[in-house]
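Keeping their order, the protein sequence lines are chains S and X. Okay, so the first sequence: first residue is 115 according to this note's numbering, each after it adds one. Okay, so the second sequence: first residue is 115 according to this note's numbering, each after it adds one. C-beta atoms are modelled at their ideal positions from N, C-alpha and C, and glycine is treated no differently. Since the structure is predicted, the reported quantities are computational estimates derived from the model, not experimental observations.
2 protein chains.
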Amino acid sequence: MEKRFTIVVAGGKGLRMGSEIPKQFLTVQGRPLLMLTLENFHSFAPSMPLVLVLPASQQAYWERLCREYVFRIPHTIVSGGDTRFHSVLNGLKEIQHMIGEQHTTADDHLLVAIHDGVRPFVSHDVINACFEAAARDGAAIPVIPVVETLRLVADDGSSHTVPRSCYRLVQTPQTFRLSLLAEAYAQPYSEAFTDDASVVEALGHAVTLVEGNRENIKITTPYDLAVAETL
Amino acid sequence: MEKRFTIVVAGGKGLRMGSEIPKQFLTVQGRPLLMLTLENFHSFAPSMPLVLVLPASQQAYWERLCREYVFRIPHTIVSGGDTRFHSVLNGLKEIQHMIGEQHTTADDHLLVAIHDGVRPFVSHDVINACFEAAARDGAAIPVIPVVETLRLVADDGSSHTVPRSCYRLVQTPQTFRLSLLAEAYAQPYSEAFTDDASVVEALGHAVTLVEGNRENIKITTPYDLAVAETL
Chain S
115 MEKRFTIVVA
125 GGKGLRMGSE
135 IPKQFLTVQG
145 RPLLMLTLEN
155 FHSFAPSMPL
165 VLVLPASQQA
175 YWERLCREYV
185 FRIPHTIVSG
195 GDTRFHSVLN
205 GLKEIQHMIG
215 EQHTTADDHL
225 LVAIHDGVRP
235 FVSHDVINAC
245 FEAAARDGAA
255 IPVIPVVETL
265 RLVADDGSSH
275 TVPRSCYRLV
285 QTPQTFRLSL
295 LAEAYAQPYS
305 EAFTDDASVV
315 EALGHAVTLV
325 EGNRENIKIT
335 TPYDLAVAET
345 L
Chain X
115 MEKRFTIVVA
125 GGKGLRMGSE
135 IPKQFLTVQG
145 RPLLMLTLEN
155 FHSFAPSMPL
165 VLVLPASQQA
175 YWERLCREYV
185 FRIPHTIVSG
195 GDTRFHSVLN
205 GLKEIQHMIG
215 EQHTTADDHL
225 LVAIHDGVRP
235 FVSHDVINAC
245 FEAAARDGAA
255 IPVIPVVETL
265 RLVADDGSSH
275 TVPRSCYRLV
285 QTPQTFRLSL
295 LAEAYAQPYS
305 EAFTDDASVV
315 EALGHAVTLV
325 EGNRENIKIT
335 TPYDLAVAET
345 L
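Printed below as a string of structure tokens:
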């Protein structure tokens, strides 16, 4: 029997927003982004365990927000690390702890989605497609086409158009078989780990591309926040 | 004395919007997109001539809309061609006609911006920066960074992450010295002409990249239209 987990990573320090408030706590339609994201995954699968990775320094603030907004979606909080790699690793350890003696990590029916806390608008179809592709292939990520002309800039500042149809923009949830993910995150940290897929690829395992939804934006600037208000 | 012109290209058949109405006529905050775009360039420089390239089949509809909305921004309408190349060429001929005997096309102080009719939100700073860079270097286009992880997909479907900091997304107005633009558009048409810059680059002339503004989106889907409502 397949069992699914989701790790929501909320590491933002909020610096890019020009704001003191870390971006995951900024509100869209009156609610903190991070609550919208957790609610979205909870409504996708109410019994799926949600692990929230949050910097230790923000946890008291988050718990106060949860009381203030009467936020009742069950989730387990773990502390963030220095990098995304270390934050995901902490989330992964929590899932391995949850599984405990019921399963071994090597069980191929255990699946983990890793999602950005500031992407509240991923569709349920995309979440489901990622889990299904991960169950089949081991690793899956949602991507969308590049809709504008794309140029590649060389070291000397010169640039040329590249065929945009050969490129994809990567979203989350990046979704994996737990066994594969655990093997990947047992590797020593490398600066080449730009996203979760890259950690798995460093093992030599290919990643399946799944069609994402365009509304699934990462909210990191005041512009994104304005866009988010309409979605 | 520098003299600036703008060609606004509105070739859209509206098919991608799932709508009978070509996308340049869809309304944002109650006004057709194309009017917002023309108003933006008019307010940037009220005396700058605006040439609107529109399919012949849409011109009667556009003129009716202008009466209905009491749209009084001066602009000259020319018919669109089969491709963007041919549409821009028609706009360019109109500018050469306007100049008439006052100047020769070879005058280095004549500048032309070519802008998408469905990009109403380009900032005046960006328009100005494009004209200034074109005056200095001959050809300039606004670009923005890629903010998400970017992957390159190979023919066999495999893909790998590429460094997104080496890539830029291209916007308009693509802006040129008229002399250079006329030389470029005297070339025979090629399918490799994906945007206006590519026509100039086919002459071997480099294009200068200018920092664009992120709100300057190309409105081509219902999602974009929803985003545009907030901007």
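Simplified DSSP assignment, three categories, for residue i
i        : result
X:Phe185 : coil
X:Phe158 : helix
X:Ser273 : strand
S:Thr151 : helix
S:Pro336 : helix
S:Val314 : helix
X:Gln172 : helix
X:Glu208 : helix
S:Asn242 : helix
X:Glu305 : coil
X:Phe235 : coil
S:Thr197 : coil
S:Arg328 : coil
S:Ala300 : coil
S:Leu203 : helix
X:Leu295 : helix
X:Ile213 : helix
X:Leu179 : helix
Candidates the options, of which the one nearest residue i by Cα
i        : options                                : result
S:Leu288 : S:Glu177, S:Thr322, S:Ser193, S:Leu224 : A small fix is needed here, since residue 288 of chain S is Gln in this sequence, not Leu. The shortest C-alpha separation from S:Gln288 is found at S:Thr322.
X:Val123 : X:Arg181, X:Arg198, X:Leu140, X:Leu147 : X:Arg198
S:Ala249 : S:Ala227, S:Tyr299, S:Thr263           : S:Ala227
X:Ala254 : X:Gln285, X:Val236, X:Val260, X:Ser201 : X:Gln285
S:Asp251 : S:His238, S:Leu168, S:Val314, S:Val236 : S:Val314
S:Pro188 : S:Leu206, S:Leu166, S:Gln172           : S:Leu166
S:Val260 : S:Val276, S:Phe139, S:Ser304           : S:Val276
S:Asn327 : S:Arg265, S:Ile258, S:Pro336, S:Ile333 : S:Ile258
X:Asp239 : X:Ser157, X:Lys332, X:Gly125           : X:Ser157
X:Gly125 : X:Leu206, X:Val232, X:Cys180           : X:Val232
X:Asn204 : X:Asp196, X:Val192, X:Gly214, X:Asn330 : X:Val192
X:Phe245 : X:Leu152, X:Ser312, X:Leu225           : X:Leu225
X:Leu348 : X:Ser237, X:Val341, X:Leu206, X:Lys332 : This structure gives no information on residue 348 of chain X, because the portion of chain X shown stretches from 115 to 345.
X:Val202 : X:Leu150, X:His274, X:Pro336, X:Phe290 : X:Phe290
Paired residues, beta bridge with residue i - DSSP
i        : result
X:Ile255 : X:Leu323
S:Leu164 : S:Thr120
S:Val226 : S:Phe119, S:Phe290
S:Leu283 : S:Ile258, X:Leu264
X:Val192 : X:Val167
S:Thr141 : S:Pro146
Neighbour-count burial assignment, residue i, 16 or more Cβ in a 10 Å radius
i        : result
X:Gln301 : exposed
S:Asp269 : exposed
S:Tyr281 : buried
X:Pro234 : buried
X:Tyr299 : buried
S:Val184 : exposed
S:Val324 : buried
X:Glu177 : exposed
X:Leu317 : exposed
X:Pro160 : exposed
X:Arg118 : buried
S:Ser304 : exposed
X:Gln143 : exposed
X:Asp338 : buried
X:Ala170 : exposed
X:Asp309 : buried
S:Ala362 : Chain S is shown from 115 up to 345; residue 362 of chain S falls before or after that span and cannot be answered.
Whole-angstrom C-beta distance between residue j and residue i, which should lie under 8 angstroms
i        : j        : result
X:His211 : X:Glu116 : 20 angstroms between Cβ atoms; not a contact.
S:Ala320 : X:Ser272 : 6 angstroms
X:Thr190 : X:Pro163 : 7 angstroms
S:Thr120 : S:His229 : 6 angstroms
S:Thr344 : X:Glu343 : 6 angstroms
S:Gln172 : S:Pro136 : 6 angstroms
S:Leu283 : X:Glu262 : 4 angstroms
S:Leu111 : S:Arg278 : An answer regarding residue 111 of chain S cannot be provided, because it is not within the stretch 115 to 345 covered by chain S.
X:Leu292 : X:Ile209 : 7 angstroms
S:Asn330 : S:Pro256 : 7 angstroms
Cβ of residue i within 8 angstroms of any chain C Cβ
i        : result
X:Lys137 : Looking at the structure shown, chain C is missing, and the protein chains on hand are S and X.
Check: residue i C-beta below 7 angstroms from any heavy atom of the ligand HEM
i        : result
S:Ile228 : Inclusion of the ligand HEM in the displayed structure is not the case, the ligand content being empty and no account of it being possible.
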